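Going left to right, the sequence shown walks through residues 421 to 576 as our numbering numbers them. Cβ atoms here follow ideal geometry from the backbone N, Cα and C, with glycine treated the same way. From a predicted model like this one, the values you see are computed outputs, not experimental measurements. Inspection log for the structure reproduced underneath, given as structure tokens.
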Amino acid sequence: MADESETGPIAVMADTDGEVKIPAPKKERSPRGQKTAAQSPHEATQAPAPKAPAAKPRKHTDKEKIEKLKLIEMQASGGSGTLKDAIKKAGISEQTYYLWKRAAKPVQQPEQKSVAAVDAFEDLVQLEEENLKLRKALAAKLRTENAELRKRLGLD
């Protein structure tokens, strides 16, 4: 029997000539380096692409913003092109245009909204009053009709 203290079996191969060959021990590999999560096997062999420098954001003054918004509105309403074309000619992105437009609306027209809101509220109050009067008139008419039907049927 084999001694249990041995670490593993030794493989002995016999050649056809009767010679005994003992296999050479395998070389041990060094451990592999860790891959980053973003790398795929193909990306590991390629060098990382150089990054382009980020564009410096430009700060526009409020006056410039208003002027550009007016220019865009005039070009778009003038029929000389589409809104997208006018925005590109002004040198800003569509997102920037809509952000500026949203920010400029409350500044330009706060009085018109408040006047319109007051008018709408007054109209609502007037319609509610008229609705109440009509309901009372309808209720009175239905009471008289019910009284007549009861007299005809002799229920009173």
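Would DSSP call residue i helix, strand or coil?
i, result
"Lys-441", "strand"
"Glu-484", "helix"
"Glu-565", "helix"
"Gln-495", "helix"
"Arg-446", "A small correction: the amino acid at residue 446 is Lys; Arg does not occupy that position in the sequence shown. Lys-446 falls in the coil class under three-state DSSP."
"Leu-546", "For the record, residue 546 in the displayed sequence is Gln; it is not Leu. It is helical."
Once the 5 residues before and after residue i are set aside, which same chain residues still bring their CB inside 6 angstroms of it?
i, result
"Gly-499", "none"
"Val-538", "none"
Roughly how many whole angstroms lie between the Cα atoms of residue i and residue j?
i, j, result
"Thr-564", "Glu-548", "25 angstroms"
"Arg-449", "Lys-441", "24 angstroms"
"Arg-478", "Glu-550", "57 angstroms"
"Ala-524", "Ala-540", "24 angstroms"
"Arg-570", "Asp-576", "6 angstroms"
"Ala-557", "Glu-542", "23 angstroms"
"Tyr-517", "Gly-501", "16 angstroms"
"Leu-544", "Glu-568", "37 angstroms"
"Lys-553", "Asn-566", "20 angstroms"
Would you mind reading off the limits of the alpha helix (DSSP H) that contains residue i?
i, result
"Asp-505", "503-510"
Looking at residue j and residue i, is the spacing between their C-beta atoms short of 8 angstroms?
i, j, result
"Ala-496", "Leu-503", "yes"
"Lys-561", "Trp-520", "no"
So, at 7 angstroms on beta carbons, what are the nonlocal neighbours of residue i in its own chain, with the 5 sequence-adjacent residues on each side left out?
i, result
"Arg-555", "none"
"Thr-481", "none"
With a threshold of 8 angstroms on Cβ separation, who are the neighbours of residue i within its own chain once the five nearest residues in sequence on each side are excluded?
i, result
"Gln-528", "Reliability fails at Gln-528, whose pLDDT of 49 lies under 50, so the model's placement of it is uncertain and the value that follows must be treated cautiously. Excluding positions up to five away in sequence, the list is empty."
"Asp-505", "Gln-495"
"Ile-507", "Ile-492, Ser-513, Glu-514 and Tyr-517"
"Leu-573", "none"
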